[in-house]
Amino acid sequence: MTLLSDNERKQVAEAITAVERNTDAELVTVLAERADDYAYIPLLWAGLVALILPGALLFFTTAIDARLLLLLQWGVFVALALAFRLPSVTTRLIPRPIRHWRAGNLARRQFLEQNLHHTADATGMLIFVSEAERYVEIIVDRGISEHVPDEEWQAIVAAFTARVRIGETLTGFTECIAACGEKLAHAVPATHERNELPNHLIVLD
């Protein structure tokens, strides 16, 4: 998974710069490859299948040596534990609510770590994407939320999520930034020139 090329990241930065000319909001974009390594998931599923295996085999036949059965159980556990470690496989083994919970936690940590809660007029905005989880979230500080209800961001998030699902993350970013910019220009229009936070795309890989 390639988290955008240098040229694509530059396009995201340019889109942010264009939006911030017309608003006092401070936009920060974060792109994560995945929200968690989910190291325990392959072992959990491999162990579950290995535990079920003896009962399944004995249901069909009792003519099986106990030592062979034990070897098969261990072999299945090791093989599946390795196979389930493939990122594309691991993600599919995790229920969506858990994936989104992990991604949401990372988004909130990034809001704090990028100092979006310390802007001069509380006008920080985070646009967060986690590709493996197909997760997008917009988080804003109180200087924006006082003027724009959270529900108004949901359509933008939904459109961006659809782009991420089909592998069009760059297009999703540029469309999302432009759509947010239209709302921000009306809600918190520019009163003076400033740039408190970096405009470049922050990548977590």
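So for the sequence shown, the numbering used here puts the first residue at 19; every next one is plus one. For glycine and all other residues, C-beta sits at the position ideal for the given N, C-alpha and C.
With fewer than 16 other beta carbons inside 10 angstroms of its own, Ala173 counts as exposed. At the C-beta level, Gly142 and Leu215 come within 9 Å of one another.
The beta carbon of Leu90 lies closer than 7 Å to those of Leu71 in the same chain, with the five residues before and after it left out. Non-local C-beta neighbours of Glu151 in its own chain, meaning closer than 6 Å and more than five positions away in sequence, comprise Ala53, Arg117, Ala121, ordered along the chain. Rounded to whole angstroms, Gly190 and Ile156 show a C-alpha spacing of 13 Å. Taking Thr192 as the centre and dropping the five residues before and after it, the same chain places the C-beta of Gln29, Val30, Ala33 closer than 8 Å to its C-beta, in chain order. For the 9 Å CB-CB criterion, Ile145 and Val46 form a contact.
Contact holds between the segment 86-103 and the segment 58-72, because three or more Cβ pairs, one in each stretch, are under 8 Å apart.
Beyond the five residues adjoining it in sequence on each side, Leu87 comes within less than 7 Å, by CB distance, of Pro72, Leu75 in the same chain, given in chain order. Counting along the chain, no beta strand (DSSP E) covers Glu170; the unbroken alpha helix (DSSP H) around it starts and ends at 169-183. Separation of the CB atoms of Val206 and Ala43 is rounded to 5 Å, and the pair is thereby assigned contact status at 8 Å.
With 16 or more other Cβ atoms from the protein chains shown falling within 10 Å of its own Cβ, Asp159 counts as buried. Of the residues Glu164, Val221, Asp168, Glu211, the one whose Cα lies closest to the Cα of Thr187 is Val221. Residue range 44-50 is occupied by the beta strand (DSSP E) that includes Ala50.
Approximately 7 Å separates the beta-carbon atoms of Val37 and Leu202; this is inside 8 Å, confirming the contact.
Taking C-beta separations shorter than 6 Å and ignoring five residues to either side along the sequence, the partners of Phe129 in its chain run Leu144, Ile157, following chain order. Leu21 has its alpha-carbon roughly 8 Å from the corresponding atom of Asp223. Counting every other CB atom within 10 Å of its CB across the protein chains shown gives Thr79 a total below 16, marking it as exposed. For the pair Ala125 and Tyr153, the CB atoms are nearer than the 9 Å cut-off.
Annotated three-state conformation of Phe191 is helix, per DSSP. By alpha-carbon distance to Pro167, the top candidate from Val67, Ser148, Cys198 is Cys198.
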